[in-house]
């Protein structure tokens with residue numbers, strides 16, 4: 017199972033590296049901050065009886081063939097340009113995630129993203145800082161840090177394919193996914 021997952025990740029990286037993401041100024045290089053625990057067997061969507069709301073992400077769609085975490089049940093946390101500081105207006109979203117983690121099993125994956133401006137290496141690093149900032153805030157709010165992993169996609173997976181501030185503001189974000197075990 018692990019070999020199959022690694023093969024799928026390799027394929028996804030090759031596709032992203034081939035320039036099919038629509039980002040204009042990629043320079044290649046850089047790598048994600050994938051940590052252990054992602055894509056393991058037992059990943060399953062949350063059932064219809066779940067007490068969490070669908071407020072963004074992928075709309076709560078079931079896990080895909082890549083074994084990605086279930087997303088969509090938590091609000092997306094947005095960031096200012098070139099910043100990994102959590103905005104005061106976004107703190108309530110993190111409080112909801114922390115509350116869920118404190119009363120439910122499973123692991124959380126925090127995904128950091130950037131807009132298309134900047135090099136691939138810069139954007140991966142900024143996405144990582146954003147994911148780590150969100151993780152740090154969750155731990156401060158009482159969530160178990162050993163159940164939280166981070167990954168940076170930089171600008172590789174834009175939420176909005178536009179090339180203006182309205183699109184870029186949607187791409188500067190952290191999304192959260194639950195991996196049930």
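Numbering (the working numbering), first residue to last: 17 to 197.
Cβ atoms here follow ideal geometry from the backbone N, Cα and C, with glycine treated the same way.
Rounded to whole angstroms, what is the Cα-Cα separation between residue 138 and residue 170? 8 Å
Sorted by chain position, which residues of the same chain lie with C-beta nearer than 6 Å to residue 183's C-beta, five sequence neighbours on each side aside? Contacts found: 176.
Going by DSSP, what residue range makes up the alpha helix (DSSP H) through residue 138? Taken as a continuous stretch (DSSP letters only), the alpha helix (DSSP H) holding residue 138 covers 136 to 156.
Counting only the same chain and skipping the five closest in sequence on each side, list residues whose C-beta sits under 8 Å from that of residue 187. 129, 130, 131, 132, 171, 174, 175 and 176
Expressed to the nearest angstrom, what Euclidean distance is found between the alpha-carbon atoms of residue 126 and residue 178? 24 Å
Taking all protein chains shown into account, decide if residue 85 is buried (16 or more other Cβ within 10 angstroms of its Cβ) or exposed. Residue burial annotation: residue 85 is buried, with at least 16 other C-beta atoms found within 10 angstroms of its C-beta.
Check residue 116 in the structure and name its three-state DSSP category. helix
Would you mind working out which of 191, 95, 181 and 120 sits nearest residue 165, comparing C-alpha positions? 191
In terms of DSSP beta bridges, what is residue 123 paired with? Paired residue(s): 195.
Residue 108, DSSP secondary structure in three states: helix
On the premise that residue 124 lies in contact with residue 163, defined as a C-beta separation below 8 Å, what is that separation, rounded to the nearest angstrom? Correct: roughly 6 Å between the Cβ atoms.
Starting from residue 185, follow the alpha helix (DSSP H) in both directions and report where the run begins and ends. 181 to 187
Report all residues from its chain with a CB closer than 6 Å to the CB of residue 185; omit the five preceding and five following residues, and keep chain order. none
Residue from 100, 194 and 193 with nearest C-alpha to residue 140: 100
By how many angstroms is the C-alpha of residue 114 removed from the C-alpha of residue 146? 16 Å
Confirm, please, whether the CB-CB distance from residue 91 to residue 194 is below 8 Å. Result no, Cβ atoms of residue 194 and residue 91 do not sit closer than 8 Å.
Let me know if residue 144 comes out buried or exposed under the rule of 16 or more other beta-carbons within 10 Å of its beta-carbon. buried
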